[in-house]
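Asks: Questions regarding the structure given below will be posed in turn.
Numbering (our numbering), first residue to last: 27 to 347.
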C-alpha cells in the first residue's frame, strides 16, 4: 500500500509540474540591472547588491528581519524580488524579499531541514531549491560531500507545499530552471563525482551532461537557453591537494562543446549570466585570499573586478534592470 501511494504521489507531482512547465514558457529577458551577492563585510553574512560598474553597493538584508547568515541570492525574472537562503547551515530556510531592501520579507520554508540555493522559474511563479529533508540523518548530514541525500524541490513563490522533482540517492543541489521552464539543471554526486544533470519537469526524466573527470557544479543557463556555464573541481580543496583550483567553463545545453573560460587566474566559481547574455559574473579568489565578484565576456576575455568589499563576497546573481 505504501509503494502504491508513492507511485500515486509521484504521478500527481508529474501532472502538476507538466502544467507548470507549460505556463513557464517565457524566457529570461530584460536589460542588465544590479548584481546581488553574499558578503560578510558587515561581519554577519548578508545579501548585498551593486551596479555592474562597482558603484552603489548596498546591504539589502541587514534591516529586513532575516535571521542572519544570508547566502545564495537569486533575482526574480522581473528584478523586483530576491530569493535567498538564510540561517546557519544546519537550519537553513528559503526567503524572498524586495530587491531594493525595503522589506517584503517572506519565509517560504520552516522546518528542521536544510533548504538552500533557491532559483526562480522564468515566469516568477515557482522557486526550486535543494533540501536534505529525505536524508535519515538530516540534523547532522548538512555539508557538501558528506554522502548526504539531497533532492531538488519546487515550491510556489508565494509559499506552499514543495514538490519533489529528483528522487536519487545523490546530493542534488544548486538547481537552475531552463529559460523555457521545461527543465532544471543541477549538480549531483550520484555517480561518485559531481556532475551536471537536467531533469525534465513533464516526465521527471534525468540526463547527465558532464563527465566525472570535470567534477562539474553550479550550472547556470544562458538567457537564450543554448548554453550552460558551470565550474569544474566543484567545491575546490575538498582534498586539499590537486583539486584546490576551480575554473569557469561553458558548454552547449545538451552537454557538448565544453569550453574553459578562465585560466591562470586563481580560483573561479559560481558563474552567472547577465540578463542580456553578454557577460558572466563569478566569484574569484587567489588561493588563501578573500573572494570577490568579477565579470567577463562569454569567451573569457575582459575580466574585470566589480566588488571591493572589506569582507569576502561570493554567490553572484545578475538581475534585470
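In this text, a Cβ means the ideal position worked out from N, Cα and C, and glycines have one as well.
So what does DSSP say about residue 49, is it helix, strand or coil?
Replies: Since pLDDT at residue 49 reaches only 37, below the 50 mark, its modelled position is unreliable, and no value is offered.
Asks: Tell me whether residue 115 sits in a helix, a strand or coil according to DSSP, three-state version.
Replies: Here residue 115 sits in helix by DSSP.
Asks: Quick check: the Cα distance between residue 95 and residue 70, rounded to an integer number of angstroms?
Replies: Each residue's Cα considered, the two are about 6 Å apart.
Asks: Pair every Cβ in the region 270-286 with every Cβ in the region 329-345, then say whether three or more of these pairs are closer than 8 Å.
Replies: Counting Cβ pairs under 8 Å, fewer than three are found: no touch.
Asks: Tell me which same chain residues have a C-beta within less than 8 Å of the C-beta of residue 296, skipping the five on either side of it?
Replies: These residues qualify, in order along the chain: 244, 257, 308, 309, 340, 341 and 342.
Asks: Give the DSSP bridge partners of residue 243, in chain order.
Replies: Partner(s): 257.
Asks: Is it buried or exposed for residue 171, if we count other Cβ within 10 angstroms and need 16 for buried?
Replies: When all chains shown are included, residue 171 counts as exposed.
Asks: Who are residue 156's beta bridge partners in DSSP?
Replies: According to DSSP, residue 156 bridges with 142 and 178.
Asks: Could you tell me which residues DSSP pairs with residue 211 in its beta bridges?
Replies: DSSP output for residue 211 lists 202 and 224 as bridge partner(s).
Asks: With distance defined between alpha-carbon atoms, name the residue in 202, 117 and 173 nearest to residue 195.
Replies: The candidate whose alpha carbon is nearest that of residue 195 is 173.
Asks: Just the Cα atoms here: how many angstroms apart are residue 177 and residue 156?
Replies: Those two C-alpha atoms are separated by around 6 Å.
Asks: For residue 337, which option in 65, 56, 59 and 60 has the closest C-alpha, if you only look at C-alpha atoms?
Replies: Of 65, 56, 59 and 60, the residue nearest in Cα terms is 65.
Asks: Enumerated in chain order, which unbroken segments of the alpha helix (DSSP H) with a length of 4 residues or greater are wholly contained in the region 54-87?
Replies: List check, alpha helix (DSSP H) in window: nothing returned.
Asks: Beta-carbon within less than 8 Å of residue 104's beta-carbon, same chain only, minus the 5 sequence neighbours each way: which residues are those?
Replies: Hits under 8 Å: 56, 150 and 346.
Asks: Output the distance between the C-alpha atoms of residue 115 and residue 135, rounded to the nearest integer angstrom.
Replies: Going from the Cα of residue 115 to the Cα of residue 135 covers about 14 Å.
Asks: Residue 292: which of 259, 302 and 298 sits nearest, CA to CA?
Replies: Of the listed residues, the one whose Cα sits closest to residue 292 is 259.
Asks: Taking all protein chains shown into account, do 16 or more other C-beta atoms lie within 10 angstroms of the C-beta of residue 294, making it buried, or fewer, making it exposed?
Replies: The residue is buried, with at least 16 neighbouring Cβ atoms inside 10 Å.
Asks: Skipping 5 residues on each side, what residues in its chain have a beta carbon closer than 6 Å to that of residue 93?
Replies: Cβ neighbours of residue 93 beyond the five flanking positions: 112 and 113.
Asks: What is the DSSP secondary structure of residue 329, counted as helix, strand or coil?
Replies: Coil, per DSSP.
Asks: State the CB to CB distance for the pair residue 236 and residue 221, rounded to an integer number of angstroms; the pair is presumed to be in contact (CB under 8 Å).
Replies: That belief holds up - the Cβ atoms of residue 236 and residue 221 are roughly 5 Å apart, short of 8 Å.
Asks: Which same chain residues, not among the five before or five after residue 82, have their C-beta less than 7 Å away from its C-beta?
Replies: Here the set comprises 76.
Asks: Within its chain, find whatever has a CB closer than 6 Å to the CB of residue 322; leave out the 5 residues flanking it on each side and keep chain order.
Replies: Only 306, 328 and 329 meet the Cβ criterion.
Asks: Could you give the distance in angstroms between the alpha-carbon of residue 255 and the alpha-carbon of residue 316?
Replies: For residue 255 and residue 316, the distance between alpha carbons rounds to 23 Å.
Asks: What separation, rounded to the nearest whole angstrom, lies between the Cα atoms of residue 147 and residue 68?
Replies: Computed Cα separation, rounded: 31 Å.
Asks: Helix, strand or coil for residue 280? Go by DSSP, reduced to three states.
Replies: Reduced to three states, the DSSP call for residue 280 is coil.
Asks: In whole angstroms, what separates the C-alpha of residue 253 from that of residue 324?
Replies: If I take the Cα positions, the gap works out to 10 Å.
Asks: Roughly how many angstroms separate the alpha carbons of residue 208 and residue 227, rounded to a whole number?
Replies: Cα to Cα, residue 208 sits roughly 6 Å from residue 227.
Asks: Who are the near neighbours of residue 300 in its chain, counting only those whose CB is closer than 6 Å to its CB and skipping five residues on each side?
Replies: The answer, listed in chain order, is 58 and 344.
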